[in-house]
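Once you know that position 33 of the sequence shown is 93 in this note's numbering, the rest is easy, because the numbers rise by one and skip nothing.
A short worksheet on the structure shown next.
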Amino acid sequence: YAFVTDCRDLSGPWYNQLGSEMILRHSVDGLLYGEYRTGVERKPGSAGTTHSIVIGAAPYDTPSATFGMAIMWRNGSSTTAWTGQCLVCEESGNETLVTSWLLRSTVDTCTDKWKSTMIGRDFFTRDDLVMGPRKDEDTHTPSD
């Protein structure tokens, strides 16, 4: 990939602080789609044994625009949605996806709804920050 340094095209590999890998394609009509390999999971096996599909939207060729994307895990056992902005950070001079996420998991009863949702933040860079499952190694599940 030939990377632009002003967040105009989000295509290519991205890595977060927990070792997850996301490979995006960013179309000129604003569609984001690709593959996601998580570096973490709540319970062994909960992320599945292969990559997950990520889909979202972001204006193409618009520097530092906001975006949204989502993943459905394991046939709907949980779904994560991210909102964020691509920024060129002053410290490194590198593109960084600064995101907030919402993870909703299934529960068995309405009484259990209190434990169904988690909220957090991730940042993704084009540099591999922490080792995790990678496409070129043909691994898709989190490392122990």
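Cβ coordinates follow ideal geometry from the N, Cα and C atoms, glycine included.
C-alpha distance - residue i paired with residue j, whole-angstrom precision
{"i": "L78", "j": "S112", "result": "16 Å"}
{"i": "M82", "j": "R181", "result": "15 Å"}
Selected residue, minimal CA-CA separation from residue i, among the options
{"i": "E151", "options": "W133, Y120 and T185", "result": "T185"}
{"i": "Y93", "options": "C67, P123, I131 and I179", "result": "I131"}
{"i": "R194", "options": "H86, V100 and T169", "result": "V100"}
{"i": "T122", "options": "L70, G192 and R134", "result": "L70"}
{"i": "T126", "options": "D187, C67, R134 and S87", "result": "C67"}
{"i": "C179", "options": "S165, N135 and G192", "result": "With the sequence shown as reference, residue 179 is identified as Ile, and Cys is not the correct amino acid for it. Out of S165, N135 and G192, S165 has the C-alpha closest to the C-alpha of I179."}
{"i": "T35", "options": "D89, K175 and W133", "result": "Nothing about residue 35 can be read from this structure; the chain reaches only from 61 to 204."}
{"i": "M129", "options": "D172, L84 and V88", "result": "L84"}
Nearest-angstrom Cβ-Cβ length linking residue i and residue j, presumed shorter than 8 Å
{"i": "R97", "j": "S80", "result": "6 Å"}
{"i": "T177", "j": "W161", "result": "11 Å between Cβ atoms; not a contact."}
{"i": "T143", "j": "T159", "result": "7 Å"}
{"i": "S138", "j": "L163", "result": "6 Å"}
{"i": "L157", "j": "W74", "result": "6 Å"}
{"i": "D187", "j": "N154", "result": "7 Å"}
Cross-strand partners of residue i (DSSP beta bridge)
{"i": "P73", "result": "I83"}
{"i": "S160", "result": "T143 and R181"}
{"i": "L91", "result": "A117"}
{"i": "D155", "result": "With the sequence shown as reference, residue 155 is identified as Glu, and Asp is not the correct amino acid for it. Answer is V148, bridged to E155."}
{"i": "R97", "result": "E81"}
{"i": "G128", "result": "A117 and T143"}
{"i": "W174", "result": "None; W174 has no bridge partner."}
Where residue i falls, given that 16 or more other Cβ within 10 Å makes a residue buried
{"i": "P119", "result": "exposed"}
{"i": "G116", "result": "buried"}
{"i": "V114", "result": "buried"}
{"i": "N76", "result": "buried"}
{"i": "L91", "result": "exposed"}
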